[in-house]
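Each residue of the sequence shown is one higher than the one before, starting from 7 at the first, in our numbering.
Reading through the structure tokens given below for one structure.
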Amino acid sequence: MLRQKARKWCINVLAAVPGDIKLLYPFYLANQLTALQEIYASPRLPQAFDGLTIAYASDIHYGPYLSEDRAKDLASRITAWQPDLVILGGDYGMVPEWSTAFFHIMPRLHAPCGVVAAIGNHDRTGSSDNLSQLTEAMNNAGVMPLVNDCMHLTREGKQLSICSTDDIKSGTPDLRAVARKTQSSSFVIFAPHSPDIIPALHAIGTFQADLALCGHTHGSQVVLFGRSLHSSSKYRDRYRTGWIRENGLDIMVSNGVGTSLMPVRLGAPAQVHHIMLKSAPGGSPYIIRREG
């Protein structure tokens, strides 16, 4: 009990530090959201899906370190992009109760192809009732939770699938179940919360994803001389941030929107992503990234 009170006191003190004073730069940077415009081109993407746009946001961590106003600002930015598809990457609150609350206060997101969401380790700790409450709140907000599941889009006889397992740290991921649901897919976007599941995906050999979109790492929040001060990934800096190509799979790891442990960032700015998919017949995959 005493330890919980001390932790709550520390969180409240850190949350009270102003985030709009540049002299307190790590706290200031944690409150600045960078919008990234990215183009991902792949020869495996069917022409029918050329130009499909995706808004991707992960690790919002609504709660003491990220206010309702900032959560609503995130929703406004995503809405302004008018994406075809919205993918949310998990960890919506500091604790499961805050994750559920996020979907109650967040303005409804609209996208012609749908809004889907992975489950993160902060979303499903403790009782299984927490997960039921969260997925109910998601459904009521028009968001499809992907827990060892997929959503399929079909155009001109081609199928694009967006999939996610349960969280690898706090849940029960089932890659084989997801693989079975993508057998007829022409292009697969794998969007788990954590990139730590990627080696397991490579190992089973029966699940062929084309693009992976992940969060969880926060870009390590504090990076000194190109290395993490602290990492939430068991693979340390292997999947720290940015675009990575591994065993033929293109992986994008986002720094996320919010913060964990402490409301500070240094060398790892908060990010939200607008990604356009392009078909590149006969060519090699390429990525173009810019701020704006």
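Each residue gets a CB set at the ideal place from its N, CA and C atoms; glycine is no exception.
Taking the alpha carbon of residue i as the reference point, which residue from the options has its own alpha carbon closest?
| i | options | result |
| --- | --- | --- |
| L115 | S234, D79, K175 | D79 |
| A286 | G57, M100, L137 | G57 |
| W87 | F109, V101, Y62, P70 | Y62 |
| H279 | F109, Q43, A143, L72 | Q43 |
| P49 | F193, P89, D180 | F193 |
| L20 | D26, A276, P52, P70 | P70 |
| P32 | E297, S290, R246, V270 | V270 |
| G211 | G232, V184, P198, A197 | V184 |
| L72 | Y46, P24, Q214 | P24 |
| K284 | R13, I17, D26, P52 | P52 |
| W104 | L166, P151, L91, L140 | L140 |
| R296 | A22, Y46, C16 | Y46 |
| N261 | D75, G96, I27, K28 | G96 |
Contact check, residue i vs residue j under 8 Å by CB: the rounded distance?
| i | j | result |
| --- | --- | --- |
| S176 | A124 | In fact, because the Cβ distance is near 12 Å, the residues do not count as touching under 8 Å. |
| G248 | V259 | 6 Å |
| H110 | H67 | H110 to H67, Cβ: 16 Å. No contact. |
| I203 | I168 | Rounded, the Cβ-Cβ distance is 16 Å, inconsistent with contact. |
| P89 | T59 | 5 Å |
| R161 | A54 | 4 Å |
| I281 | C220 | About 13 Å separates the two Cβ atoms, so there is no contact after all. |
| V122 | I84 | Actually they are not in contact, since the Cβ atoms of V122 and I84 sit about 13 Å apart, beyond 8 Å. |
| L235 | S226 | 7 Å |
| N136 | P102 | 4 Å |
| S239 | T265 | With 8 Å as the limit, S239 and T265 do not qualify as a contact, their Cβ atoms being about 16 Å apart. |
| G120 | L91 | 6 Å |
| A215 | L267 | Wrong, their Cβ atoms sit about 30 Å apart, outside the cutoff. |
| F213 | L166 | Not confirmed; about 16 Å, so no contact. |
| Y6 | P291 | Because the chain here runs from 7 to 298, residue 6 falls outside it and cannot be looked at. |
Along the chain, where does the alpha helix (DSSP H) containing residue i start, and where does it finish?
| i | result |
| --- | --- |
| F108 | 102-111 |
| L115 | L115 -> no alpha helix (DSSP H), and no H or E assigned at all. |
How far does the beta strand (DSSP E) with residue i in it extend, from its first residue to its last?
| i | result |
| --- | --- |
| S285 | 276-285 |
| M268 | Looking at the DSSP string, M268 is not in any beta strand (DSSP E), and its letter there is neither H nor E. |
| I93 | 91-94 |
| V263 | Unbroken run through V263: none, as it is neither H nor E. |
| R244 | Careful: R244 lies outside any beta strand (DSSP E) and carries neither H nor E. |
| R295 | 292-297 |
| A123 | 121-123 |
How about the stretch 107-114 and the stretch 182-192: do they share at least three Cβ pairs that are nearer than 8 Å?
no
Does the pairing of the stretch 36-52 with the stretch 135-154 give three or more beta-carbon distances under 8 Å?
no
Pairing CB atoms from the stretch 67-85 with CB atoms from the stretch 235-254, are three or more of them under 8 Å?
no
Runs of alpha helix (DSSP H) lying entirely within the stretch 10-85, each at least 4 residues, in chain order:
31-36
Taking only runs of the beta strand (DSSP E) that begin and end inside the stretch 150-238, which ones reach a length of at least 3 residues, in chain order?
Correct list: 155-161, 164-170, 193-196, 217-220.
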